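Protein chains in written order, with the numbering used here: chain A, 1 to 369; chain B, 1001 to 1509.
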């Protein structure tokens, strides 16, 4: 058709205003619920903000959560740019955590400078392996990636439980947890690295910096390499990939391997950074929140960092709010997060038609004709 | 008496004036043509007549009475029917289920279908629209699907039918059959508004024709009082040279040999049955034939997108494809084979990516686009910019997603991408499908220019006129076999038509 609905908004509106409006809607509705429960929504919100950013330790907690979300958000985006919906981030993170712990135990006599890179390699490799199997099944057998990756989450969880009651269980321990890792393998907390800034103590650690570097890697890989280009062509138009001599199967394998590696590295934050051992359920749903982070961040590296920060703040600030206000329980915090996911993820295009009318961009429409 | 009238209609989308003071009057019981280049505003006008959009100014009248539709359903109630370029049918439903969809006469299905069947059989008889009502839509060829769409409109009581580019996907035979139906419709007192940019069709079938340019109707002719050249000039607003300037070229070396090629399509049906031919430098080899007679598979095999089930392809003395082994598409490009895909939207481009990114598709490994191991967006953009300047692609903005360009400009950019590498052999499928008339002349002249430089071109087209004007040699494919070869000067369109139907006995020299 020669005339199409003008859908091209100025970039700033697309990446800035729309997410902001969606977030605002989620917060307004959350506020209404809080008000119905008999609490003051404005006080609740201010508690949430101060709980997330109000003091040094809070900021550190926020950054700690943010780190997990960057890893899992990147995992979702790597696959999604190739047209694949990897919802197995949870399972890949579990395997990654196992790989990291095994490396930390196996090579415990090595100095940190060697030990930590080995942990990174092991974690990335096991996470990648856990994503590569569904990818291979898709490439060879056409198995649906959503089904296989979600099933692999269960296998991974069961495998972790088995390891923690069996071979990896701490000698003589009553609980399901592994040996502690040696201190050389531990990632330095940010408050030590940035002590000169007077950063307060908290769980945030160097995994945050690694996550930021991976965002850079993601951006460069996608936009500045042949592999990234090929992978995006496969994602947008597999037939055009065939036309261009690009193997769709290779694209699928590369995308999923990198996706799994990103999820696997979440274990750096949990195992090497905070817990210093492997515990059951250490992934606690971060893999799934990664989906919301990736989509809200529009699969853009900066976007993913900002979305991860938002969810990090919701986690940390929400916990604080639940602690301070008797009528608000942990469940309500989950509901607020759910509303954000609903409006920012599922209903992200709700305001689009209205904004289109306001910001119709003449130059682009002209081109469309 | 007018069936539909649009009086001084204007419509603006944001900053774009899509329709400006358009007046169109379609007399009852006539076939009225509407021609115009892509982006002239035809679809906007149709969407307003059919109730998709409301005009900003002006009035629409049906049978002399002013109407204002809130949606297509109201337009249908007033006796308008529209057959879209892309069919709106549910593949997994039967024909009759598709037709009653949304207009069920009863809550229960059985009585609805029974009464619809009676009515439809009557319509089929009246208009000569034979369609098997119980066939599954997924099993039907496009020509029949179009009949289903027409049947659907008539079932819903259409007095006036709007057909949007109805022949774009049809074979010549199907087109002829469609025109018979359209004439019968007129004979029965229906009104038909035909949107197309094929001027031959306009001349052949319409009573009146209106030309649209830059959002407005510039002129309405009585068809018998005009000709193709006049219409073409009116459409683009300037004189177009439709001749091509072919120089004599000497016989050059053989570049491509296709040897006894066999192929099956994705469903396992045999599509090529022992096809052999050579292509030489300095010639355009045209492959004619009704679409779906093996042309797509032939192109896909030569360009490395499909493996043959028998035979081989030899490109510059190298055997690039043999039984069950496809050629490597990227390597072929590296060795100087350009490929403009038949279906540009499906294969030739990635719509959501920018124009610049699209100009490296297939050439994504070329060192000239890299800085070390990193793709250099600056170099890619500069490459795109120079292609855009060279091929007059509008707008010349490399950062815009390619899907936002018009069909003609997309095709120009895709052509530019393949020609820029100065290929020894250019494989072109349907060079001007869905391309406006100004761009057609441009693309033709660039193809001939390449040929004059001694390059080889293998062209597949379902436009007979294109085959006849451009080719040095013609091969006709029917049912996966070569049913005729010859030089255009030795063949008439009738000869080729017979070859296309597989009914030509003696081979032309």
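The beta-carbon is built from N, C-alpha and C at its ideal position, and this holds for glycine as well. What you are looking at is a predicted structure, and each value in this text was computed from that prediction instead of being measured.
Practice prompt. Compute the beta-carbon to beta-carbon distance between residue 253/A and residue 134/A, rounded to the nearest angstrom, for a pair I have assumed lies under 8 Å.
Written response: Along the first chain, read from residue 1 onward, the residue named residue 253/A stands at position 253. Along the first chain, read from residue 1 onward, the residue named residue 134/A stands at position 134. Going by Cβ atoms, the distance from residue 253/A to residue 134/A rounds to 11 Å, so no, they are not a contact pair.
Discussion item. Across the stretch 1346-1360 of chain B and the stretch 237-244 of chain A, are there enough close Cβ pairs to call them in contact, namely three or more that are closer than 8 Å?
Written reply: yes
Worksheet item: Does DSSP classify residue 60/A as helix, strand or coil?
Response: As a first step, residue 60/A must be located in the first chain, where it is residue number 60. In this structure, residue 60/A counts as helix in the three-state DSSP scheme.
Practice prompt. Report the neighbours of residue 233/A on chain B: residues whose CB is nearer than 9 Å to its CB, in chain order.
Written response: As a working mapping, residue 233/A is identified with position 233 in the first chain. Ordered by position in chain B, the residues that pass the 9 Å Cβ test against residue 233/A are 1350, 1353, 1357, 1361 and 1364.
Worksheet item: Given that residue 1330/B touches chain A, what residues does it touch there, using C-beta distances under 9 Å?
Response: As a working mapping, residue 1330/B is identified with position 330 in the second chain. Ordered by position in chain A, the residues that pass the 9 Å Cβ test against residue 1330/B are 244, 245 and 246.
Practice prompt. With DSSP collapsed to three states, give me the class of residue 3/A.
Written response: The sequence position of residue 3/A within the first chain is 3, counting from 1. Only weak support is given to the placement of residue 3/A: the predicted model assigns it a pLDDT of 33, under 50, and the question is left unresolved by the model.
Practice prompt. Please go through the same chain and pick out, in chain order, the residues whose beta-carbon is closer than 7 Å to the beta-carbon of residue 1237/B, but skip the five residues on each side of it.
Written response: In the second chain, counting from the first residue as 1, residue 1237/B sits at position 237. Counting only Cβ-Cβ distances below 7 Å, and skipping sequence neighbours, we find 1213.
Discussion item. According to DSSP, simplified to helix, strand and coil, what is residue 39/A?
Written reply: Taking the first chain and counting its residues from 1, one reaches residue 39/A at position 39. Three-state DSSP puts residue 39/A in coil, outside helix and strand.
Item to complete: Determine which residues of the stretch 207-226 of chain A have a Cβ less than 9 Å from any Cβ of chain B, and write them out in chain order.
Response: 220, 223, 224, 225 and 226
Discussion item. Can you confirm whether residue 269/A, when its beta carbon is compared against all beta carbons of chain B, has any partner nearer than 8 Å?
Written reply: Taking the first chain and counting its residues from 1, the one referred to as residue 269/A is at position 269. No, its Cβ sits nowhere closer than 8 Å to a Cβ of chain B.
Discussion item. With distance defined between alpha-carbon atoms, name the residue in 24/A, 48/A and 13/A nearest to residue 325/A.
Written reply: Position 325 of the first chain, counting from 1, holds the residue named residue 325/A. Minimum Cα distance to residue 325/A is reached at 48/A.
Discussion item. By alpha-carbon positions, which one of 1379/B, 1457/B, 1416/B and 1084/B ends up nearest to residue 1439/B?
Written reply: On the second chain, position 439 is the one that residue 1439/B refers to. With distances taken between Cα atoms, residue 1439/B lies closest to 1416/B.
Practice prompt. Give the residues of chain B in contact with residue 236/A, contact being defined as C-beta atoms less than 7 Å apart.
Written response: Locating residue 236/A in the first chain gives position 236, counting from the first residue. Under the 7 Å cutoff, chain B gives 1350, 1352 and 1353.
Fill in: Under 8 Å by beta carbon: chain A residues contacting residue 1374/B
Residue 1374/B sits at position 374 when you count from the first residue of the second chain. The answer, in chain order, is 220, 224 and 225.
Worksheet item: Do you know whose CA, among 87/A, 113/A and 92/A, lies nearest residue 281/A's CA?
Response: The residue you call residue 281/A lines up with position 281 of the first chain. Cα-wise, what sits closest to residue 281/A is 92/A.
Discussion item. Helix, strand or coil for residue 1213/B? Go by DSSP, reduced to three states.
Written reply: Indexing the second chain from 1 puts residue 1213/B at position 213. Correct three-state label for residue 1213/B: strand.
Worksheet entry | Beta carbon proximity, residue 43/A to chain B, threshold 8 Å | Taking the first residue of the first chain as position 1, residue 43/A is located at position 43. So, not an interface residue.
Discussion item. Please confirm whether residue 263/A has its beta-carbon closer than 8 Å to some beta-carbon of chain B.
Written reply: Sequence index remark: in the first chain, residue 263/A carries index 263 (1-based). It does not; no Cβ of chain B falls within 8 Å.
Item to complete: Pick helix, strand or coil for residue 1025/B, following the three-state DSSP scheme.
Response: Along the second chain, read from residue 1 onward, the residue named residue 1025/B stands at position 25. Here residue 1025/B sits in strand by DSSP.
Worksheet item: Should the stretch 1132-1139 of chain B be called in touch with the stretch 1083-1101 of chain B, which here means at least 3 C-beta pairs below 8 Å?
Response: yes
Worksheet item: Once you ignore the five residues that flank residue 160/A on each side, which residues in its own chain have a CB closer than 7 Å to its CB?
Response: Locating residue 160/A in the first chain gives position 160, where the first residue counts as 1. Within the same chain, residue 160/A has close Cβ partners 94, 98 and 280.
Worksheet item: How about residue 202/A and residue 64/A: do their beta carbons lie closer than 8 Å?
Response: Locating residue 202/A in the first chain gives position 202, counting from the first residue. Locating residue 64/A in the first chain gives position 64, counting from the first residue. The answer is yes: Cβ separation under 8 Å.
Worksheet entry | Expected contact under 8 Å - CB spacing of residue 297/A and residue 304/A to nearest Å | Residue mapping note: residue 297/A aligns to position 297 of the first chain, counting from 1. Residue mapping note: residue 304/A aligns to position 304 of the first chain, counting from 1. Sure, about 4 Å apart at Cβ, within 8 Å.
Discussion item. Along the stretch 329-353 of chain A, where does the CB come closer than 8 Å to a CB of chain B? Name the residues.
Written reply: none
Discussion item. Whether or not the stretch 1441-1460 of chain B and the stretch 1285-1305 of chain B are in contact is what I'm after, with contact meaning three or more pairs of Cβ atoms, one per stretch, closer than 8 Å; do they touch?
Written reply: yes
Worksheet item: Are the Cβ atoms of residue 1201/B and residue 1167/B separated by less than 8 Å?
Response: Start at 1 with the first residue of the second chain, and residue 1201/B comes out as number 201. Start at 1 with the first residue of the second chain, and residue 1167/B comes out as number 167. Yes. Within cutoff.
Worksheet item: Whose C-beta lies closer than 7 Å to the C-beta of residue 11/A among residues of the same chain, with five residues either side of it excluded?
Response: Your numbering for residue 11/A matches position 11 in the first chain. Cβ neighbours of residue 11/A beyond the five flanking positions: none.
Item to complete: Under the assumption that residue 1007/B contacts residue 1059/B (Cβ atoms under 8 Å), give the Cβ distance between them as a whole number of angstroms.
Response: In the second chain, residue 1007/B corresponds to position 7, counting from 1. In the second chain, residue 1059/B corresponds to position 59, counting from 1. Confirmed, Cβ separation roughly 5 Å.
Discussion item. Please report whether the beta-carbon of residue 61/A lies at a distance below 8 Å from any beta-carbon of chain B.
Written reply: Position 61 of the first chain, counted from the first residue, corresponds to residue 61/A. Answer no: the Cβ-Cβ gap between residue 61/A and chain B never drops below 8 Å.
Worksheet item: By the 10 Å Cβ neighbour count, where 16 or more other Cβ atoms means buried, how is residue 376/A classified, buried or exposed?
Response: As shown, chain A starts at 1 and ends at 369. That puts residue 376/A outside it, with no answer to give.
Discussion item. I want to see whether chain B comes within less than 8 Å of residue 80/A, judged by CB atoms only; does it?
Written reply: By 1-based counting over the first chain, the position of residue 80/A is 80. So no, residue 80/A is outside the interface.
Fill in: Buried versus exposed call for residue 19/A [16 or more other C-beta atoms within 10 Å across all chains shown]
Stepping through the first chain from its first residue, residue 19/A is reached at position 19. The residue in question, residue 19/A, is buried, as its Cβ has 16 or more Cβ neighbours within 10 Å.
Worksheet item: So is residue 162/A in contact with chain E if we call contact Cβ pairs under 8 Å?
Response: Checking the listed chains, one finds no chain E in this structure; the protein chains it contains are A and B.
Discussion item. Rounded to the nearest angstrom, what separates residue 152/A and residue 88/A at their Cα positions?
Written reply: Here the question's residue 152/A lines up with position 152 in the first chain. Here the question's residue 88/A lines up with position 88 in the first chain. Cα to Cα, the separation comes out at about 7 Å.
Worksheet item: Since residue 248/A is in the alpha helix (DSSP H), which residue starts that stretch and which ends it?
Response: Start at 1 with the first residue of the first chain, and residue 248/A comes out as number 248. Counting along the chain, the alpha helix (DSSP H) containing residue 248/A begins and ends at 248-264.
Worksheet item: Is residue 1337/B close to chain A, meaning its C-beta is less than 8 Å from at least one C-beta of that chain?
Response: Here residue 1337/B refers to the residue found at position 337 of the second chain. Output row for residue 1337/B: interface = no.
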